[in-house]
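See structure below.
Number of protein chains: 2
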Amino acid sequence: MRRIGLRIAYLGTHFSGFQVQPDRRTVQGELCRCLSEYFGTVVRVTGCSRTDRGVHARDFHALAELEETASSVPTERLPLALRPYLPSDLSVLSAFDVTPDFHVRHDVISKEYRYSVYRAPSPDPFLADRTWHLSHRFENGYLEAMRQSAAHLVGRHDFAAFMAEGSEVQSTVRTIFRIEIEEQGGILTFSVVGDGFLYNMVRIIVGTLIDVAKGKMTPRDVLFALESRERKNAGQTAPPEGLCLWKVLY
Amino acid sequence: MRRIGLRIAYLGTHFSGFQVQPDRRTVQGELCRCLSEYFGTVVRVTGCSRTDRGVHARDFHALAELEETASSVPTERLPLALRPYLPSDLSVLSAFDVTPDFHVRHDVISKEYRYSVYRAPSPDPFLADRTWHLSHRFENGYLEAMRQSAAHLVGRHDFAAFMAEGSEVQSTVRTIFRIEIEEQGGILTFSVVGDGFLYNMVRIIVGTLIDVAKGKMTPRDVLFALESRERKNAGQTAPPEGLCLWKVLY
Numbered sequence: 001m002r003r004i005g006l007r008i009a010y011l012g013t014h015f016s017g018f019q020v021q022p023d024r025r026t027v028q029g030e031l032c033r034c035l036s037e038y039f040g041t042v043v044r045v046t047g048c049s050r051t052d053r054g055v056h057a058r059d060f061h062a063l064a065e066l067e068e069t070a071s072s073v074p075t076e077r078l079p080l081a082l083r084p085y086l087p088s089d090l091s092v093l094s095a096f097d098v099t100p101d102f103h104v105r106h107d108v109i110s111k112e113y114r115y116s117v118y119r120a121p122s123p124d125p126f127l128a129d130r131t132w133h134l135s136h137r138f139e140n141g142y143l144e145a146m147r148q149s150a151a152h153l154v155g156r157h158d159f160a161a162f163m164a165e166g167s168e169v170q171s172t173v174r175t176i177f178r179i180e181i182e183e184q185g186g187i188l189t190f191s192v193v194g195d196g197f198l199y200n201m202v203r204i205i206v207g208t209l210i211d212v213a214k215g216k217m218t219p220r221d222v223l224f225a226l227e228s229r230e231r232k233n234a235g236q237t238a239p240p241e242g243l244c245l246w247k248v249l250y
Numbered sequence: 251m252r253r254i255g256l257r258i259a260y261l262g263t264h265f266s267g268f269q270v271q272p273d274r275r276t277v278q279g280e281l282c283r284c285l286s287e288y289f290g291t292v293v294r295v296t297g298c299s300r301t302d303r304g305v306h307a308r309d310f311h312a313l314a315e316l317e318e319t320a321s322s323v324p325t326e327r328l329p330l331a332l333r334p335y336l337p338s339d340l341s342v343l344s345a346f347d348v349t350p351d352f353h354v355r356h357d358v359i360s361k362e363y364r365y366s367v368y369r370a371p372s373p374d375p376f377l378a379d380r381t382w383h384l385s386h387r388f389e390n391g392y393l394e395a396m397r398q399s400a401a402h403l404v405g406r407h408d409f410a411a412f413m414a415e416g417s418e419v420q421s422t423v424r425t426i427f428r429i430e431i432e433e434q435g436g437i438l439t440f441s442v443v444g445d446g447f448l449y450n451m452v453r454i455i456v457g458t459l460i461d462v463a464k465g466k467m468t469p470r471d472v473l474f475a476l477e478s479r480e481r482k483n484a485g486q487t488a489p490p491e492g493l494c495l496w497k498v499l500y
């Protein structure tokens, strides 16, 4: 069995998320199809994470597994070799051999997501599908209020309030290592680093922080929401198009 | 007759250019449809320029003409009012009243086009459809060679060699005021400012300069091509997706 690690990037707009689904265009499905076509044999593909419909990735890690006999292409030449098989919204950045004990999902130490908000009166066609456009006025001191709120979320907590209702998961405890909020040229960027994320967790965190910026919630309300462990006390879910899986550490 | 100037931006990927064509999705067609729907009457739309299929615009000027009676919305509020009618790849940035003698095409003093090339081994899904991806190696001193070549093109010249063959036009003389070439973060940007452009002129200029960067042509060859007035002596035509109408001056 040949096992190949792949760093990939994709624009999520025209994918129904990472994970394979019948009759849907998914990243896993496309990657599996391209690799199987190239190698001329069935290739099994697994990913470091699931991303939702419309969510992007700049440095997603996937594992490809196939029979050793299929091809002798050197692993490092795979990105170039695969290029003719890949669609324009999916790219293989690099490929590397992995040890037999490597697990693409369990071995993740931390993941960084970035969420981009475009603040302007008119939407920008060049930023549609890759930012959340907001034309609302924010309260004075909104950056400081968002940062205060975010500080309550950093650390090891039960994030049940920041998970989409109806999700099934063994534990809702996760660790957020860092939340950074920067604004430049009309783009507000949220960078969230953690050891793992619940379903919709980053989007609910960002939506809640935007509610703080609008003056609908206070930093105290955010702390209350966290401690209550109830989804209804947190803010809105930000739309998927602003979200991007930025970096995965092993 | 009410006459309204519109500054618009569009991502050209899913448009068959600006100009209306039967059974094709065009910017003029979409804008006309949106304005007619909003005003409840036929609106005539003309543009400052034609752009090709796949070419983008960040500051295109259009003129809308309609019967005075149709609506009393203040002109400056139109961008907001039109937003629900516009698709996500087309945006109205501002609207302004124009004098009866204003002509959206003839009154243009200069236009700036920018062309973006992405240089990297692997394509970036986030830059597909908006840059020309090149993984070729360039010759040493390619920036300087391109700038020397570009200097030959600046000024008032007969640009017949830099026009798509088969185009019909009264005169092939145009003035280029400036060509700037900058590289940053893997993105090579060509900024070309002129009083007017022939069909495919910017794309042929960029394609020719890239041929210089690759060592296929010299600055001297570019001067020869210009003076020959023959298309076959200039370089390749760069693909449309890297091109953007950046600024129009009246």
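Chains A and B supply the protein sequences, listed in that same order. Residue 1 is where the first sequence starts when you use the working numbering, and the numbers rise one by one after that. Residue 251 is where the second sequence starts when you use the working numbering, and the numbers rise one by one after that. Note that the Cβ used here is the ideal one computed from N, Cα and C, for glycine as well.
Paired residues, beta bridge with residue i - DSSP
| i | result |
| --- | --- |
| H136/A | In DSSP, H136/A forms no bridge with anything. |
| F346/B | G255/B |
| D408/B | V423/B |
| S116/A | T189/A |
| E144/A | E144/A pairs with nothing; no bridge assigned. |
| L253/A | Since the first residue shown for chain A is 1 and the last is 250, residue 253/A is missing from the structure and cannot be characterised. |
| R178/A | V193/A |
| F126/A | Its beta-bridge partners do not exist; DSSP assigns none. |
| Q184/A | I187/A |
| F60/A | I8/A |
| L340/B | Y260/B |
| S110/A | L249/A |
Any chain B beta carbon closer than 8 Å to residue i
| i | result |
| --- | --- |
| F18/A | no |
| Y10/A | yes |
Host alpha helix (DSSP H) of residue i (start-end)
| i | result |
| --- | --- |
| E37/A | 27-39 |
| E68/A | Per DSSP, E68/A belongs to no alpha helix (DSSP H) and is neither H nor E. |
| V498/B | Segment 493-499 is the beta strand (DSSP E) holding V498/B; no alpha helix (DSSP H) there. |
| D221/A | 219-228 |
| M201/A | 201-213 |
| L80/A | 78-82 |
Proximal residues of chain B, C-beta to C-beta of residue i below 7 Å
| i | result |
| --- | --- |
| P219/A | The premise fails here: P219/A is roughly 32 Å from chain B at the closest Cβ pair, so nothing lies under 7 Å. |
Closer than 8 Å to chain A by CB, residue i
| i | result |
| --- | --- |
| P329/B | yes |
| D309/B | no |
Partners in chain A for residue i, counting only beta-carbon separations shorter than 8 Å
| i | result |
| --- | --- |
| P543/B | The structure shown does not extend to residue 543/B, since chain B is modelled only from 251 to 500, so the question has no answer here. |
Contact set between residue i and chain A, taken where Cβ atoms lie within less than 7 Å
| i | result |
| --- | --- |
| D339/B | P125, A128 |
Residue span of the beta strand (DSSP E) that contains residue i, given as start and end
| i | result |
| --- | --- |
| V295/B | 294-297 |
Proximal chain A residues relative to residue i, where beta-carbon distance stays under 9 Å
| i | result |
| --- | --- |
| S372/B | A9, P79, L80, R83, S91, V92, L93, S94 |
At least 3 beta-carbon pairs within less than 8 Å: the segment 152-164 of chain A vs the segment 223-240 of chain A
yes
Validate contact between the segment 260-276 of chain B and the segment 324-335 of chain B using beta carbons, cut 8 Å, 3 pairs:
no
Using 8 Å as the Cβ pair cut-off and three pairs as the minimum, do the segment 242-250 of chain A and the segment 291-310 of chain B touch?
no
Is the segment 107-119 of chain A close to the segment 183-202 of chain A, with three or more CB pairs under 8 Å?
yes
Would you be able to state if there are at least three C-beta pairs under 8 Å between the segment 2-20 of chain A and the segment 83-94 of chain A?
yes
Check whether the segment 395-406 of chain B and the segment 423-437 of chain B are in contact - that is, three or more C-beta pairs closer than 8 Å.
yes
Three Cβ pairs or more, each shorter than 8 Å: is that satisfied between the segment 214-227 of chain A and the segment 29-46 of chain A?
no
Stretch pair the segment 137-151 of chain A + the segment 348-359 of chain B: three plus CB contacts closer than 8 Å
no
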